[in-house]
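A.B. asks: Have a look at this one.
Numbering (the working numbering), first residue to last: 1 to 366.
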């Protein structure tokens with residue numbers, strides 16, 4: 001999947017003249033987009049998108065009848081979605097049509113699942129937004145444990161949308177010697193395991209191996225244990241509460257960081273290879289940013305820098321000690337992660353090519 005990452009005017013050598021009216025227009029556009037993502041999610045929850053898929057041009061009444069949503073609500077909803085470009089409107093017939101590409105993005109590709117996950121996370125952020133705003137204006141510290149169930153559940157949904165099981169398995173499979181050892185029977189440590197989705201995917205792929213997931217937050221650990229039980233994997237998958245800088249055990253064939261390294265207050269310490277077995281490796285999965293800020297001044301970069309400001313960097317600051325380095329940030333890129341990997345003692349950093357992946361995967365060897 002290719003997402004438009006063209007730089008915005010902010011990085012051109014000769015930026016265009018901008019007026020106050022231009023700025024006001026952009027602010028209104030963004031308010032519309034912010035509210036629009038809620039309408040997109042409501043369309044998913046209520047079945048409007050599904051009712052319109054492959055149905056051709058429809059009247060408001062036909063959409064209402066097919067979805068069960070009141071016609072007055074449908075009338076306003078389709079007008080907003082048409083203004084956004086997600087629906088085609090024919091003024092001659094007063095009918096609305098869902099283009100095939102939009103239907104696929106929302107109902108088959110990760111688009112709909114990503115929107116739903118992020119809206120649930122936004123629910124959490126708004127529930128204690130005053131506390132978050134105060135934290136960001138003072139010491140910047142706001143940890144994962146200060147979020148609520150909506151956030152934790154939404155974050156897990158986002159992981160599953162952006163890191164499907166086949167991508168996780170393909171990434172580990174691409175580490176040839178490691179995959180062979182795990183097939184025969186090895187040990188895996190997943191750091192920052194959250195609700196345990198990647199952890200359980202690896203366990204399912206390598207039934208001869210044992211897997212330990214660790215997370216600093218006990219609520220996440222409890223949920224992950226429940227999921228291991230439900231999946232019938234609790235005999236060889238365990239979850240423990242532990243800090244990323246004080247990892248339990250040693251002799252691991254593979255240590256993994258799935259979208260977690262940038263959340264830690266001490267990423268270099270978390271990476272250090274002291275718990276690896278001889279011949280072992282570390283797999284880092286993170287967001288695939290460009291190495292220069294200018295490369296990331298585009299819509300997707302804007303989204304990740306916002307996530308970093310609101311979520312990941314405050315969490316890292318909440319774990320900071322008096323001599324901690326600057327937080328890594330949600331959108332650090334391969335170059336920055338490779339640098340801290342070398343600081344942590346890894347001499348080999350190899351980027352893995354993983355089919356269908358939206359993320360960056362790095363194979364680290366001592």
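Glycine included, every Cβ here is placed at the ideal spot set by N, Cα and C.
Since this is a predicted model, take the numbers as computed values, not measurements.
Since residue 327 contacts residue 334 with CB under 8 Å, what's their CB separation in whole angstroms?
C.D. replies: Residue numbering aside, residue 327 sits at position 327 when the chain shown is read from its first letter. Residue numbering aside, residue 334 sits at position 334 when the chain shown is read from its first letter. Contact doesn't hold; Cβ gap of about 18 Å is too wide.
A.B. asks: Where residue 225 and residue 216 are concerned, what is the direct C-alpha to C-alpha distance, given to the nearest angstrom?
C.D. replies: Residue numbering aside, residue 225 sits at position 225 when the chain shown is read from its first letter. Residue numbering aside, residue 216 sits at position 216 when the chain shown is read from its first letter. Rounded to whole angstroms, residue 225 to residue 216 spans 14 Å at the Cα level.
A.B. asks: Once DSSP output is grouped into helix, strand and coil, what is the label at residue 319?
C.D. replies: Position 319 of the chain shown, counting from 1, holds the residue named residue 319. Three-state DSSP puts residue 319 in coil, outside helix and strand.
A.B. asks: Could you please give the first and the last residue of the uninterrupted alpha helix (DSSP H) stretch that includes residue 111?
C.D. replies: Locating residue 111 in the chain shown gives position 111, where the first residue counts as 1. Residue 111 -> alpha helix (DSSP H) spans 111-127.
A.B. asks: Identify the residues that DSSP records as bridge partners of residue 96: which are they?
C.D. replies: Here residue 96 corresponds to residue number 96 of the chain shown, with the count starting at 1. 58, 89.
A.B. asks: Using only the alpha-carbon positions, how far apart do residue 143 and residue 319 sit?
C.D. replies: Position 143 of the chain shown, counted from the start, is the residue given in the question as residue 143. Position 319 of the chain shown, counted from the start, is the residue given in the question as residue 319. Distance between the alpha carbons of residue 143 and residue 319 is about 8 Å.
A.B. asks: At which residues does the alpha helix (DSSP H) containing residue 178 begin and terminate?
C.D. replies: Mapped onto the chain shown, residue 178 falls at position 178. Unbroken alpha helix (DSSP H) run through residue 178: 176-184.
A.B. asks: Tell me whether the beta-carbon of residue 241 lies closer than 9 Å to the beta-carbon of residue 191.
C.D. replies: By one-based count along the chain shown, residue 241 stands at place 241. By one-based count along the chain shown, residue 191 stands at place 191. Residue 191 sits away from residue 241, with the two beta carbons spaced by 9 Å or more.
A.B. asks: Here's the rule: buried if 16 or more other CB atoms are within 10 angstroms of the residue's CB, otherwise exposed. What is residue 357?
C.D. replies: Translated into the one-based positions of the chain shown, residue 357 becomes position 357. Residue 357 comes out buried.
A.B. asks: One question on the structure: do residue 236 and residue 207 come within less than 9 Å of each other, judged by their Cβ atoms?
C.D. replies: The count along the chain shown starts at 1 and reaches residue 236 at position 236. The count along the chain shown starts at 1 and reaches residue 207 at position 207. Against a cut-off of 9 Å, the Cβ pair of residue 207 and residue 236 comes out as a contact.
A.B. asks: Taking the straight line between their C-alpha atoms, what separation do you get for residue 91 and residue 299?
C.D. replies: Within the chain shown, residue 91 is the residue found at index 91, counting from 1. Within the chain shown, residue 299 is the residue found at index 299, counting from 1. The C-alpha of residue 299 is placed about 31 Å away from the C-alpha of residue 91.
A.B. asks: Smallest Cα separation from residue 368: which of 344, 31, 247?
C.D. replies: The question about residue 368 has no answer here: the residues shown for the chain are numbered 1 through 366.
A.B. asks: Do three or more CB pairs link the stretch 22-42 to the stretch 71-88 at distances below 8 Å?
C.D. replies: yes
A.B. asks: How big is the Cα-Cα spacing for residue 96 and residue 331?
C.D. replies: Your numbering for residue 96 matches position 96 in the chain shown. Your numbering for residue 331 matches position 331 in the chain shown. Those two C-alpha atoms are separated by around 38 Å.
A.B. asks: With distances taken from CA atoms, which of 200, 209, 134, 135 is nearest residue 156?
C.D. replies: Within the chain shown, the letter at position 156 stands for residue 156. Residue 156 has its Cα closest to that of 200, out of 200, 209, 134, 135.
A.B. asks: Short check: CB of residue 187 to CB of residue 159, under 9 Å?
C.D. replies: Locating residue 187 in the chain shown gives position 187, counting from the first residue. Locating residue 159 in the chain shown gives position 159, counting from the first residue. No, Cβ-Cβ distance for residue 187 and residue 159 is not below 9 Å.
A.B. asks: Looking at residue 102: is its Cβ nearer than 9 Å to the Cβ of residue 89?
C.D. replies: Looking up residue 102 in the chain shown gives position 102. Looking up residue 89 in the chain shown gives position 89. Cβ atoms of residue 102 and residue 89: not closer than 9 Å.
A.B. asks: With a CB to CB cut of under 8 Å and the five nearest residues on each side skipped, what residues in its chain are close to residue 171?
C.D. replies: Walking along the chain shown from the start, residue 171 turns up at place 171. For residue 171, same chain residues with a beta-carbon under 8 Å away, outside a window of 5 residues either side, are 283, 285, 352, 354, 357, 361 in chain order.
A.B. asks: In its own chain, which residues sit with a C-beta less than 7 Å from the C-beta of residue 117, not counting the 5 before and 5 after it?
C.D. replies: Residue numbering aside, residue 117 sits at position 117 when the chain shown is read from its first letter. Closer than 7 Å at the Cβ level, and outside the excluded window around residue 117, lie 154, 157, 158, 161.
A.B. asks: So if DSSP puts residue 350 in a beta bridge, which residue, or which two residues, is it bridged to?
C.D. replies: Translated into the one-based positions of the chain shown, residue 350 becomes position 350. Paired residue(s): 363.
A.B. asks: To which residues of the same chain is residue 184 closer than 8 Å at the C-beta, ignoring the five residues directly before and after it?
C.D. replies: Your numbering for residue 184 matches position 184 in the chain shown. Cβ within range, chain order: 208.
A.B. asks: Quick check on this structure: which residue in 105, 75, 110 has the alpha carbon closest to the alpha carbon of residue 94?
C.D. replies: Position 94 of the chain shown, counting from 1, holds the residue named residue 94. Comparing Cα positions, the closest option is 75.
A.B. asks: Determine the closest residue to residue 53 out of 106, 348, 305, with distance taken between C-alpha atoms.
C.D. replies: Taking the chain shown and counting its residues from 1, one reaches residue 53 at position 53. Ranked by Cα distance from residue 53, the first of 106, 348, 305 is 106.
A.B. asks: Considering only the beta carbon of each residue, do residue 359 and residue 291 sit closer than 9 Å?
C.D. replies: What you label residue 359 is simply residue 359 of the chain shown in a count that begins at 1. What you label residue 291 is simply residue 291 of the chain shown in a count that begins at 1. It is not a contact, given that the beta carbons lie outside the stated cut-off.
A.B. asks: Beta-carbon separation of residue 193 and residue 250 under 9 Å?
C.D. replies: In the chain shown, residue 193 corresponds to position 193, counting from 1. In the chain shown, residue 250 corresponds to position 250, counting from 1. Not closer than 9 Å, so no.
A.B. asks: Where does the unbroken beta strand (DSSP E) through residue 22 begin, and where does it stop?
C.D. replies: Locating residue 22 in the chain shown gives position 22, where the first residue counts as 1. Here residue 22 belongs to no beta strand (DSSP E); instead the alpha helix (DSSP H) covers 20-46.
A.B. asks: In chain order, what residues of the same chain have a beta carbon less than 8 Å from the beta carbon of residue 174, not counting five sequence neighbours either side?
C.D. replies: In the chain shown, the residue the question calls residue 174 occupies position 174. Taken in chain order, the residues that qualify are 352, 353, 354, 361, 363.
A.B. asks: Measure the alpha-carbon distance for residue 344 versus residue 246 and round it to whole angstroms.
C.D. replies: Working through the chain shown from its first residue, we reach residue 344 at position 344. Working through the chain shown from its first residue, we reach residue 246 at position 246. Going by the C-alpha atoms only, they are around 15 Å apart.
A.B. asks: Kindly indicate which three-state DSSP category residue 189 falls into: helix, strand or coil?
C.D. replies: By 1-based counting over the chain shown, the position of residue 189 is 189. Of the three classes helix, strand and coil, the one that applies to residue 189 here is strand, per DSSP.
A.B. asks: Identify the continuous beta strand (DSSP E) that holds residue 239 and give its terminal residues.
C.D. replies: Counting from 1 along the chain shown, the entry for residue 239 is found at position 239. Where residue 239 is concerned, the enclosing beta strand (DSSP E) stretches over 237-241.
A.B. asks: Going along the chain, which residues of its own chain have a beta-carbon closer than 6 Å to the beta-carbon of residue 310, five neighbours each way excluded?
C.D. replies: On the chain shown, position 310 is the one that residue 310 refers to. So the list is empty, once near-sequence residues are dropped.
A.B. asks: Look at the alpha carbon of residue 28 and the alpha carbon of residue 277, and state the distance between them as a whole number of angstroms.
C.D. replies: Taking the first residue of the chain shown as position 1, residue 28 is located at position 28. Taking the first residue of the chain shown as position 1, residue 277 is located at position 277. The alpha-carbon atoms of residue 28 and residue 277 are separated by roughly 55 Å.
A.B. asks: Would you tell me roughly how many angstroms separate the C-alpha atoms of residue 72 and residue 64, rounded to the nearest one?
C.D. replies: Taking the chain shown and counting its residues from 1, one reaches residue 72 at position 72. Taking the chain shown and counting its residues from 1, one reaches residue 64 at position 64. Cα to Cα, residue 72 sits roughly 9 Å from residue 64.
A.B. asks: By the 10 Å Cβ neighbour count, where 16 or more other Cβ atoms means buried, how is residue 121 classified, buried or exposed?
C.D. replies: One-based indexing of the chain shown puts residue 121 at position 121. Buried: at least 16 other Cβ atoms inside 10 Å.
A.B. asks: How would you label residue 269, buried or exposed, when you count the other beta carbons within 10 angstroms and need 16 or more for buried?
C.D. replies: Here the question's residue 269 lines up with position 269 in the chain shown. So residue 269 ends up on the buried side.
A.B. asks: Between the beta-carbon of residue 212 and the beta-carbon of residue 189, is there less than 9 Å?
C.D. replies: In the chain shown, counting from the first residue as 1, residue 212 sits at position 212. In the chain shown, counting from the first residue as 1, residue 189 sits at position 189. Yes.
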